Amino acid sequence: MKLLLPFMILIGVVLGFCLINLINMKLLLPFMTLIGVVLGFCLNLIKDYIQNKPKIRTGINESSGKFNYYKNFVNENGFDVEKIATPDEASFLELKIKIDVYNIGKSDTAIKDLMIDATANNTTMSFQPELKINGETNKDYTFNVKSGSITTLDYT
Numbered sequence: 015m016k017l018l019l020p021f022m023i024l025i026g027v028v029l030g031f032c033l034i035n036l037i038n039m040k041l042l043l044p045f046m047t048l049i050g051v052v053l054g055f056c057l058n059l060i061k062d063y064i065q066n067k068p069k070i071r072t073g074i075n076e077s078s079g080k081f082n083y084y085k086n087f088v089n090e091n092g093f094d095v096e097k098i099a100t101p102d103e104a105s106f107l108e109l110k111i112k113i114d115v116y117n118i119g120k121s122d123t124a125i126k127d128l129m130i131d132a133t134a135n136n137t138t139m140s141f142q143p144e145l146k147i148n149g150e151t152n153k154d155y156t157f158n159v160k161s162g163s164i165t166t167l168d169y170t
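Residues 15 to 170, numbered by the working numbering, are exactly what the sequence shown covers, in order.
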């Protein structure tokens, strides 16, 4: 869009000049084809930008998912025990979710980075869990979502 602004200003100046000099249209007649080409090019750039803009939607797959807080402690027999706890007393959390990524745009879209933010009691923790994309482990956190397709992300 930044590249488009000078062209639009130029077209505005030329059209303004045309309106002011309606009497001298014979001077502008040789440049009308050039103005039409530049205007068509600018409109095509705007159309391509609007149509090919990445359009990604996400949704949690309702069929599976687990989000639990746990605390570790030693029981009366001396064994380490994990017990489901509240966010205040938890020592770690377990997150297992599936997220569906929908690409509703007209072109393929690359996802370069994934981060999950978990917030409890005004404290936010960000992490990158192990990621499986359509059943295959992905350590790069990058993948391509084809146009009109759904990709399932499995966080564990």
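A virtual CB, placed ideally from N, CA and C, is assigned to each residue, including glycine.
Small disclaimer: the values here were computed from a predicted structure and weren't measured.
For residue i, which three-state DSSP category applies?
i	result
G54	helix
F157	strand
F45	helix
I118	coil
K85	strand
D168	strand
K69	coil
Take residue i and list the residues in its own chain whose beta-carbon comes closer than 6 Å to its own, dropping the five residues that flank it on each side.
i	result
A132	M139
F106	Y84
I49	V28
I25	L53
So which of the options has the shortest CA-CA distance to residue i?
i	options	result
L128	I147, T156, L107 and L109	T156
D168	V52, I74 and I25	I74
I125	F87, K160, V51 and L57	K160
I111	M46, I130 and I60	I130
I23	C56, L109, T166 and E108	C56
F87	A104, T166, L109 and E144	A104
E108	K97, F81 and E96	F81
E150	T166, G79, K40 and K97	T166
T210	S163, D62, L43 and D154	With the chain covering only 15 through 170, there is no way to say anything about residue 210.
Apart from the five residues on each side of it in sequence, which residues of its chain come closer than 7 Å, Cβ to Cβ, to residue i?
i	result
A99	Y83, Y84 and K85
N135	P101 and D102
S121	N66 and S161
I147	F157, T165 and L167
Could you name the residues that DSSP lists as bridge partners for residue i?
i	result
F141	I130
D94	V88
K146	T151 and D168
L24	Paired residues: none, contrary to the question.
L109	F81
A124	N158
Spatial neighbours of residue i within its chain, please: CB distance less than 8 Å, with the 5 preceding and 5 following residues excluded, ordered by chain position.
i	result
N89	V95
Does the pairing of the stretch 113-126 with the stretch 67-80 give three or more beta-carbon distances under 8 Å? yes
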